Each structure stands twice: as structure tokens, then as C-alpha cells.
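Have a look at the structure below, then the notes.
What follows is the structure, given as C-alpha cells:
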């Protein structure tokens, strides 16, 4: 089984618990204005790698991963565009006792029978979903990502119904995703989910702008600065206000 891979980070520390072996898959349906991986958008490109090739490489880092309580995280791009590959990879990981996580925006979620069947099979081997919720407001979500968020919110509910552990992540972009009403509404939505272990605010940055320039894309957020610590703390407070998950189940 082959996957289209953009790159691999062997000792990641910000994509799930512990030290992570992070695979960035190629291909995404969203066009987020703040994306720092715009070079992963194109579907069907990247380096083709087999599950065996990845497992052989991953095993050399296994002592570091396991000693830190870490594992493997598949990010992107959008990993769920390659579900059969992920399933085959995670099956092999589970044979080795490796913790598995997916970083997804849910942008390709569908209620189509074949997609749900494939997703449910994948989730049998998935320990954690890092769920990127870009914006709660539908119109603003379209402006920000080029796509509505109805199916993304349905994906979040689907994961809750299936009791899949989730860390919610929200990129805080001043003047774009930080309005009090939007944060309050997003917090209320998160409060309807029963599976959220952690809520992370990711401060907006411009570290990926050079990729936009190299690709010939116009970067529309050049005028936006990173949020202050106070802004981040306020946003976190708003998003956790209705957080109902049992404290004993929350991540450290």
C-alpha cells in the first residue's frame, strides 16, 4: 500500500503527546489563508512511499517515541484523503504497540457509505484525532478556507458519537478568528462534544509565507500580526467555558 507523502519529521513535539514521528501527507481540499504548508495542497503529487518503507524508518526512532509516551502522527495536507493507506499503516503500528494520531481538519468528511465504512475501519486503529476547527461561522469559514464548515462540524459530532479521543485545535488569527462572539459560539459547540480531552490555541504566525511566495500565491494576511499572550489566554478561556469532558479523561 502506497501513500503520497510530502515530508517526514522524525522527532516532533507539537503534534500529540510525547515525541512524535510526524508524516505530512500530500493533498488538501481547504485553502486556508494562514496555511503554513501550502506546498501540500496539490493532490496526487509528493513522494510515493510504502507502509513497509515508513515502518522501517519509524522503528529506528521507536525507543525515543516510547520512552516519551509518544508515537506516530499523520498530518498534512489532509490525511483522510488517503484512508486506505492510513489504515494499513496504523495496523502495522498497532502490532508494535505504537500510539497513533491523525491531525485533520475534517475537510473531506462525507456521509457517503464507502467513506464512512473506510473511516470506521481506520478509527479502530486510531488512538487520537487532533481536530483543527478553523472557524465556527459558516460565512467566515468560507472566506477563510474556501469551503463551508457544515460537514466539518458533522465530522466533530461523528467522532464524539464514536467516542474517539480528540484534541481540538484552533488557530487564533487576529481580526479573523478571534472575535468574541465567534469564540463563544465555538466554545458552545465544543461543549456539545463528549470526547474532547484537550483544547489548544495555536497562535497565528507567518513562518510559511515563503512557501506562498515560492508557489506564486498571493498571501492575504501580511497585514496581520501574531496574537498577544493575553489574546491567547482569553481565547482559551472562551473555548473551554463549556467543556464538559470528565476531568479524569482530559490530557495533561
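Residue numbers (the numbering used here): 1 to 252. Idealized CB from N, CA, C, for every residue including glycine. This one's a predicted model, so the numbers in the text were calculated from it and none came from an experiment.
Alpha-carbon to alpha-carbon, residue 212 and residue 39 = Start at 1 with the first residue of the chain shown, and residue 39 comes out as number 39. Start at 1 with the first residue of the chain shown, and residue 212 comes out as number 212. When rounded, the distance between both Cα atoms is 8 Å.
Outcome for residue 105 when other beta-carbon atoms lying within 10 angstroms are tallied against a minimum of 16 = Here residue 105 refers to the residue found at position 105 of the chain shown. Residue 105 should be labelled buried.
ask   = Considering only the beta carbon of each residue, do residue 285 and residue 34 sit closer than 8 Å?
value = The shown model of the chain, from 1 to 252, leaves out residue 285, and the question about it has no answer.
key: Burial state of residue 146, where buried means 16 or more other Cβ atoms lie within 10 Å   = For the purposes of this step, residue 146 is identified with residue 146 of the chain shown, where counting begins at 1. Residue 146 comes out exposed.
query = Looking only at its own chain, which residues have a Cβ that is under 8 Å from the Cβ of residue 235, when we skip the five neighbours before and after it?
reply = Here residue 235 is taken as the residue at index 235 of the chain shown, counted from 1. 170, 172, 178, 183, 201, 227, listed in sequence order.
query = Based on the DSSP secondary-structure assignment, which residues constitute the bridge partners of residue 198?
reply = Position 198 of the chain shown holds residue 198. Per DSSP, 167.
ask   = Does DSSP put residue 218 in a helix, in a strand, or in coil?
value = For the purposes of this step, residue 218 is taken as residue 218 along the chain shown, with counting starting at 1. In the structure shown, residue 218 sits in coil (DSSP, three-state: anything other than H, G, I, E or B).
request  = Given a cut-off of 8 Å, decide if residue 164 and residue 242 are closer than it, judged by their beta-carbon atoms.
outcome  = Position 242 of the chain shown, counted from the first residue, corresponds to residue 242. Position 164 of the chain shown, counted from the first residue, corresponds to residue 164. In this structure, residue 164 does not lie closer than 8 Å to residue 242 by Cβ.
inquiry  = DSSP three-state label for residue 141, please.
reply    = Residue 141 sits at position 141 when you count from the first residue of the chain shown. Looking at residue 141 - three-state DSSP - the assignment turns out to be helix.
task = Look at the alpha carbon of residue 9 and the alpha carbon of residue 128, and state the distance between them as a whole number of angstroms.
result = In the chain shown, residue 9 corresponds to position 9, counting from 1. In the chain shown, residue 128 corresponds to position 128, counting from 1. Cα to Cα, residue 9 sits roughly 18 Å from residue 128.
request  = Leaving aside the five residues before and after residue 91 along the sequence, list all residues of the same chain whose C-beta is less than 6 Å from its C-beta, in chain order.
outcome  = Within the chain shown, the letter at position 91 stands for residue 91. So the list reads 125, once near-sequence residues are dropped.
ask   = Which partner residues does residue 9 have in the DSSP bridge list?
value = Mapped onto the chain shown, residue 9 falls at position 9. Beta-bridge pairing links residue 9 to 22.
ask   = The beta strand (DSSP E) with residue 132 in it runs from where to where?
value = Position 132 of the chain shown holds residue 132. 128-132 is the extent of the beta strand (DSSP E) around residue 132.
key: Chain-order list of residues whose beta-carbon lies under 8 Å from that of residue 6 (same chain, five-residue window excluded)   = Translated into positions along the chain shown, residue 6 becomes position 6. 24, 25, 26, 37, 39, 40, 46, 47, 76, 77.
key: Status (buried if at least 16 other CB within 10 Å, exposed otherwise) for residue 222   = For this step, residue 222 is matched to residue 222 along the chain shown. By the neighbour-count rule (16 or more Cβ atoms within 10 Å), residue 222 is not buried but exposed.
ask   = How would you call residue 72, buried or exposed, if buried means at least 16 neighbouring beta carbons within 10 angstroms?
value = The count along the chain shown starts at 1 and reaches residue 72 at position 72. Result: buried.
Cβ pair residue 83, residue 122 closer than 8 Å = In the chain shown, the residue the question calls residue 83 occupies position 83. In the chain shown, the residue the question calls residue 122 occupies position 122. In contact: residue 83 and residue 122 (Cβ atoms closer than 8 Å).
request  = Could you pull out every residue in the same chain whose Cβ sits closer than 6 Å to the Cβ of residue 99, ignoring the five residues on either side in sequence?
outcome  = The count along the chain shown starts at 1 and reaches residue 99 at position 99. So the qualifying residues of the chain are 71, 127.
query = What residue does the beta strand (DSSP E) around residue 161 start on, and which one ends it?
reply = By 1-based counting over the chain shown, the position of residue 161 is 161. First-last for residue 161: 150-161, but that is the alpha helix (DSSP H), not the beta strand (DSSP E).
request  = Please look up how many angstroms separate the CB atoms of residue 133 and residue 166, rounded, as I've assumed it's under 8 Å.
outcome  = If you number the chain shown from 1, residue 133 lands on position 133. If you number the chain shown from 1, residue 166 lands on position 166. That pair is no contact at about 10 Å.
request  = Could you please give the first and the last residue of the uninterrupted beta strand (DSSP E) stretch that includes residue 74?
outcome  = Sequence index remark: in the chain shown, residue 74 carries index 74 (1-based). Residue 74 -> beta strand (DSSP E) spans 71-75.
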